[in-house]
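*Asks:* Chains as they are written, first to last, in this note's numbering: chain L, 1 to 320; chain W, 1 to 320. For every residue, glycine included, the Cβ atom is placed at its ideal position computed from N, Cα and C.
Number of protein chains: 2
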Amino acid sequence: MTSDTVNIRKHLAWIAADWGSSNLRLWAINREGRVIAAVKSDRGMLSLTPSEYEPELIRLIEDWLPERPVDVVVCGMAGARQGWREAAYLSTPTPLDRLSQGAVAPVLATSALRVHLLPGVSQRGADEFDVMRGEETQLAGLIEKTPGFSGLACLPGTHAKWARLENAVLTRFATFMTGEIFELLARHSVLRHSIGDANDADTRDTFQTAVRESAREPERYTQRLFGLRARDLLDTALPQGEARKHRLAARLSGLTIGLELAGARALMEPGETVTLSGGQALCARYALAFEAIDQPVALFDGDTAVQAGLALAHRSLSAG
Amino acid sequence: MTSDTVNIRKHLAWIAADWGSSNLRLWAINREGRVIAAVKSDRGMLSLTPSEYEPELIRLIEDWLPERPVDVVVCGMAGARQGWREAAYLSTPTPLDRLSQGAVAPVLATSALRVHLLPGVSQRGADEFDVMRGEETQLAGLIEKTPGFSGLACLPGTHAKWARLENAVLTRFATFMTGEIFELLARHSVLRHSIGDANDADTRDTFQTAVRESAREPERYTQRLFGLRARDLLDTALPQGEARKHRLAARLSGLTIGLELAGARALMEPGETVTLSGGQALCARYALAFEAIDQPVALFDGDTAVQAGLALAHRSLSAG
Numbered sequence: 001m002t003s004d005t006v007n008i009r010k011h012l013a014w015i016a017a018d019w020g021s022s023n024l025r026l027w028a029i030n031r032e033g034r035v036i037a038a039v040k041s042d043r044g045m046l047s048l049t050p051s052e053y054e055p056e057l058i059r060l061i062e063d064w065l066p067e068r069p070v071d072v073v074v075c076g077m078a079g080a081r082q083g084w085r086e087a088a089y090l091s092t093p094t095p096l097d098r099l100s101q102g103a104v105a106p107v108l109a110t111s112a113l114r115v116h117l118l119p120g121v122s123q124r125g126a127d128e129f130d131v132m133r134g135e136e137t138q139l140a141g142l143i144e145k146t147p148g149f150s151g152l153a154c155l156p157g158t159h160a161k162w163a164r165l166e167n168a169v170l171t172r173f174a175t176f177m178t179g180e181i182f183e184l185l186a187r188h189s190v191l192r193h194s195i196g197d198a199n200d201a202d203t204r205d206t207f208q209t210a211v212r213e214s215a216r217e218p219e220r221y222t223q224r225l226f227g228l229r230a231r232d233l234l235d236t237a238l239p240q241g242e243a244r245k246h247r248l249a250a251r252l253s254g255l256t257i258g259l260e261l262a263g264a265r266a267l268m269e270p271g272e273t274v275t276l277s278g279g280q281a282l283c284a285r286y287a288l289a290f291e292a293i294d295q296p297v298a299l300f301d302g303d304t305a306v307q308a309g310l311a312l313a314h315r316s317l318s319a320g
Numbered sequence: 001m002t003s004d005t006v007n008i009r010k011h012l013a014w015i016a017a018d019w020g021s022s023n024l025r026l027w028a029i030n031r032e033g034r035v036i037a038a039v040k041s042d043r044g045m046l047s048l049t050p051s052e053y054e055p056e057l058i059r060l061i062e063d064w065l066p067e068r069p070v071d072v073v074v075c076g077m078a079g080a081r082q083g084w085r086e087a088a089y090l091s092t093p094t095p096l097d098r099l100s101q102g103a104v105a106p107v108l109a110t111s112a113l114r115v116h117l118l119p120g121v122s123q124r125g126a127d128e129f130d131v132m133r134g135e136e137t138q139l140a141g142l143i144e145k146t147p148g149f150s151g152l153a154c155l156p157g158t159h160a161k162w163a164r165l166e167n168a169v170l171t172r173f174a175t176f177m178t179g180e181i182f183e184l185l186a187r188h189s190v191l192r193h194s195i196g197d198a199n200d201a202d203t204r205d206t207f208q209t210a211v212r213e214s215a216r217e218p219e220r221y222t223q224r225l226f227g228l229r230a231r232d233l234l235d236t237a238l239p240q241g242e243a244r245k246h247r248l249a250a251r252l253s254g255l256t257i258g259l260e261l262a263g264a265r266a267l268m269e270p271g272e273t274v275t276l277s278g279g280q281a282l283c284a285r286y287a288l289a290f291e292a293i294d295q296p297v298a299l300f301d302g303d304t305a306v307q308a309g310l311a312l313a314h315r316s317l318s319a320g
């Protein structure tokens with residue numbers, strides 16, 4: 001046992017967990033609410049059967065565990081029907097400071113842990129059916145940091161979420177398949193021959209122009225996609241080699257994010273500051289997109305948000 | 001040798017060929033311009049090296065060939081740079097009765113054939129880069145059947161083409177990646193869990209409603225895609241089993257075709273009759289989509305169109 005793990009055992013108060021489809025991140029939290037250790041694994045929901053969650057969790061954190069039982073508060077797909085145990089969706093409107101009321105506890109072999117799986121949120125209605133699982137906890141982090149928060153949040157990703165919060169209540173949200181569409185087109189469509197890795201450094205203008213084109217004329221999205229291929233065949237103004245592939249990747253990214261912004265416009269008040277929360281690289285790209293359409297943004301680090309949301313849930317579990 | 005092949009040899013005037021990315025179709029044409037035999041193969045451009053085209057062609061038609069040399073007029077990807085031999089793109093505006101002027105002849109080992117590869121068409125301009133290869137010959141079929149044709153044509157498919165013709169000249173066109181996007185989403189995205197084969201019989205209303213939604217609000221396309229998944233999880237009004245998957249597939253198809261119609265609206269005059277040309281099943285589905293947005297259509301069978309376009313090219317090759 002290292003002095004580090006002695007220290008973690010001594011100071012550990014509870015464990016925060018973001019257990020998604022394709023990976024798992026765990027944070028050891030002390031009594032002051034600080035992260036004192038972190039560990040991650042690629043054993044997400046898609047690669048686990050229900051009986052494999054507990055051993056995987058223990059494998060990762062056994063060095064952290066003191067004698068007394070420890071709470072583990074988990075958000076994300078581990079609580080899905082096809083996950084560890086189902087934590088049924090809460091419905092909108094959803095008070096984000098009460099997610100813990102929908103938590104479920106899987107039966108454990110060990111007595112060293114108490115696991116709480118937080119619920120996702122669902123929205124119903126003719127043209128409004130939607131679900132989230134994990135992002136509600138990230139949104140709860142906004143409430144934890146700014147009690148009574150009202151505003152519009154954008155959480156970019158494979159399935160980007162836009163959420164309207166009114167006085168700490170999630171009233172309405174919308175998911176856009178932006179990240180998944182980009183990946184499908186870049187890796188599996190005819191465009192794969194033309195596309196390289198997006199490289200934000202050299203391609204800012206290309207990206208922002210494409211954002212504006214899609215935001216202005218979203219109906220031409222699939223036409224502009226094929227236009228990418230045609231440009232690669234015909235446009236003598238394009239650079240050669242990797243620079244060309246970067247340029248076309250930036251355009252594909254801009255067209256796809258611009259389409260999302262066009263769709264999300266109905267949710268935005270003119271001039272409203274949108275709270276953008278997620279990973280650093282993706283948020284930087286989205287910030288450029290918002291700049292292109294003159295919509296102000298405030299950044300809120302995604303990991304900080306998830307940890308704060310889990311802390312809020314942990315506190316109300318302990319109080320309840 | 002069967003009496004059939006004796007008859008073909010006796011009456012064969014020339015051979016029409018549509019040689020695409022993934023298959024090859026050949027028609028034996030008599031002096032009256034009638035199809036007297038047909039054969040196809042799945043050896044398209046994507047599965048052939050340049051030296052493999054001639055053996056594949058001869059393998060398929062050797063029973064048809066008389067003593068004298070025979071013209072084979074070919075449209076499609078066989079004339080692409082990565083095909084048999086490149087027939088460089090003609091530029092718009094393109095007189096469709098002069099495609100043969102851009103034809104190239106690959107060098108052959110046999111003296112039994114004279115092969116003519118027809119060119120594709122390219123369009124340049126900041127926001128207008130586009131290419132077609134094969135569809136120009138289908139459009140030439142419109143000219144062959146209606147000399148001096150003017151109007152707007154829609155050719156649905158993996159990469160749907162919309163073309164404006166003015167007095168037999170192709171002046172402008174636009175490609176929409178509709179079919180490819182549908183396939184990517186139905187087979188490779190998170191929606192694959194929810195989607196079955198589209199089944200036009202039971203799902204007409206679902207399809208037409210989705211067309212109208214996308215045509216009216218194209219900016220919500222990727223949101224409605226995720227909504228499909230959410231409906232599958234939440235909507236208790238959906239039927240169970242295969243009927244559910246058919247319903248959701250029809251909705252995906254309607255949303256995707258509706259997005260195309262929204263984009264193509266800039267090309268359509270209000271109330272203009274659009275000439276819809278392609279395969280029977282896909283044209284039937286597009287006809288329902290046009291009906292949903294109250295745009296009149298005239299149907300022109302795709303094979304008839306290609307054969308007529310090849311016949312026009314063959315006649316001008318013989319005259320030239």
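1) If distances are taken between C-alpha atoms only, which option among Ala230/L, Met132/L and Leu225/L comes closest to Asp75/L?
2) Would you mind listing the beta strand (DSSP E) stretches within the stretch 118 to 200 of chain L that are 3+ residues and don't spill past its ends, in chain order?
3) Select from the stretch 70 to 84 of chain W all residues with a C-beta closer than 7 Å to any C-beta belonging to chain L, and list them in chain order.
4) Cutting at 7 Å between CB atoms, please list the residues of its own chain near Ala249/L, excluding the five before and the five after it.
5) Under 8 Å by Cβ, that's how I've got Gly20/L and Leu139/L pegged, so tell me the actual separation to the nearest angstrom.
6) Give me the chain L residues within the contact set of Pro218/W, using Cβ-Cβ distance strictly less than 7 Å, ordered along the chain.
7) Following the continuous alpha helix (DSSP H) through Asn7/L, name the residue where it begins and the one where it ends.
8) Mind reading off the beta-carbon distance from Phe168/L to Gly148/L? Whole number of angstroms is fine, and I expect it under 8 Å.
9) Any chance you could list the alpha helix (DSSP H) runs of at least 4 consecutive residues sitting entirely within the stretch 229 to 300 of chain W, in chain order?
10) Are any of the Cβ atoms in chain L nearer than 8 Å to that of Gly20/W?
11) By a C-beta neighbour count over all protein chains shown, 10 Å radius and 16 as the cutoff for buried, is Thr275/W buried or exposed?
12) Thinking just about the alpha-carbon of each residue, which of Thr178/L, Pro296/L and Ala284/L is nearest to the one in Thr222/W?
13) Quick one: grab the DSSP three-state call for Leu24/L.
14) Please name the residue or residues paired with Ser29/W in a DSSP beta bridge.
15) Ordered along the chain, which non-local residues of its own chain (more than five positions away) have a Cβ less than 6 Å from that of Val297/L?
16) For Lys40/W, is the classification buried or exposed, using 16 other Cβ atoms within 10 angstroms of its Cβ as the cut-off for buried?
17) Roughly how many angstroms separate the alpha carbons of Gln82/W and Pro106/W, rounded to a whole number?
18) Check the DSSP bridge columns for Pro218/L and list the partner residues they point to.
19) Could you check where the beta strand (DSSP E) with Val74/W kicks off and where it finishes?
20) Is any beta-carbon of chain W found at less than 8 Å from that of Gln223/L?
21) Over the uninterrupted alpha helix (DSSP H) stretch that includes Gly102/L, give me the two end residues.
22) Closest by CA to Asp18/L, which one among Pro66/L, Gln307/L and Gln101/L?
23) For Phe207/L, which residues in chain B fall below 7 Å Cβ to Cβ?
24) Based on DSSP bridge pairs, tell me the residues matched to Thr94/W.
25) Going by C-alpha to C-alpha distance, which of Leu57/L, Asp127/L and Leu12/L sits closest to Thr110/L?
26) Where does Trp19/W sit, in a helix, a strand or coil, going by DSSP?
27) Are the CB atoms of Thr158/W and Arg164/W within a distance shorter than 8 Å?
28) DSSP three-state label for Arg81/W, please.
29) Taking 8 Å as the threshold (beta carbon to beta carbon), is Ile61/W in contact with chain L?
30) Short check: CB of Ala313/L to CB of Thr137/L, under 8 Å?
31) Measuring CB to CB, does Tyr89/W end up less than 8 Å from Gly120/W?
32) Measuring straight from C-alpha to C-alpha, what distance separates Ala174/L and Thr146/L?
33) Name the chain W residues that come within less than 8 Å of His188/L, Cβ to Cβ?
34) Measure the CB-CB distance between Ala311/W and Gly33/W and report whether it falls below 8 Å.
35) Name the chain L residues that come within less than 9 Å of Asp178/W, Cβ to Cβ?
36) Classify Thr236/L as buried or exposed, calling it buried when 16 or more other Cβ atoms lie within 10 Å of its own Cβ.
*Replies:* Put simply:
1) It is worth fixing the name first, because residue 75/L is Cys in this sequence and not Asp. Cys75/L has its Cα closest to that of Met132/L, out of Ala230/L, Met132/L and Leu225/L.
2) The stretch 118 to 200 of chain L is shown to contain whole beta strand (DSSP E) runs of 3 or more residues at 121 to 123, 130 to 132, 151 to 155, 160 to 166 and 169 to 176, in chain order.
3) Cβ contacts with chain L: none found.
4) Excluding the 5 residues flanking it on each side, Ala249/L has same chain C-beta neighbours closer than 7 Å at Ala186, Ile195, Gly196, Asp197 and Ala198, in chain order.
5) Not confirmed; about 16 Å, so no contact.
6) Near Pro218/W (Cβ distances below 7 Å), the residues of chain L are Pro218 and Glu219.
7) For Asn7/L, the enclosing alpha helix (DSSP H) stretches over residues Ser3 to His11.
8) It is worth fixing the name first, because residue 168/L is Ala in this sequence and not Phe. With a Cβ gap of about 5 Å, Ala168/L and Gly148/L count as contacting.
9) Secondary structure remark: continuous alpha helix (DSSP H) runs of at least 4 residues inside the stretch 229 to 300 of chain W, in chain order: 241 to 264 and 280 to 292.
10) So no, Gly20/W is outside the interface.
11) Buried is the call here.
12) Comparing Cα positions, the closest option is Thr178/L.
13) Shown here, Leu24/L sits in a strand according to DSSP, grouped into three states.
14) At residue 29/W the sequence reads Ile, which differs from the Ser that was named. In the DSSP output, where bridge partners are listed per residue, Ile29/W has Trp14/W and Val35/W.
15) So the qualifying residues of the chain are Val274, Leu276, Ala287 and Phe290.
16) Counting Cβ neighbours within 10 Å, Lys40/W comes out exposed, since fewer than 16 surround it.
17) C-alpha separation (whole angstroms): 13 Å.
18) Per the DSSP secondary-structure output, Pro218/L pairs with nothing in a beta bridge.
19) Boundaries of the beta strand (DSSP E) harbouring Val74/W: Val70 to Cys75, taken from the DSSP string.
20) Closer than 8 Å: yes.
21) First-last for Gly102/L: undefined, no H or E at that position.
22) That would be Gln307/L, whose Cα lies nearest to the Cα of Asp18/L.
23) The structure shown contains no chain B; the protein chains it does contain are L and W.
24) BP columns for Thr94/W point to Leu170/W.
25) Looking at the Cα atoms, Leu57/L is the closest of the given residues.
26) Under the three-state reduction of DSSP output, Trp19/W falls in the strand class.
27) Taking 8 Å as the Cβ cut-off, Arg164/W and Thr158/W do not qualify as a contacting pair.
28) Note: Arg81/W maps to coil in three-state DSSP.
29) Taking Cβ atoms only, chain L never reaches closer than 8 Å to Ile61/W, which makes this a no.
30) The Cβ atoms of Ala313/L and Thr137/L lie closer than 8 Å to each other.
31) Yes. Within cutoff.
32) C-alpha separation (whole angstroms): 22 Å.
33) Proximity of chain W to His188/L at the Cβ level (cut-off 8 Å) is accounted for by Leu184 and His188, in chain order.
34) Cβ distance < 8 Å, so Ala311/W and Gly33/W count as in contact.
35) Looking at the sequence shown, residue 178/W is not Asp but Thr. Residues of chain L passing the Cβ test: Thr222.
36) The C-beta of Thr236/L has fewer than 16 other C-beta atoms within 10 Å across all chains shown, which makes the residue exposed.
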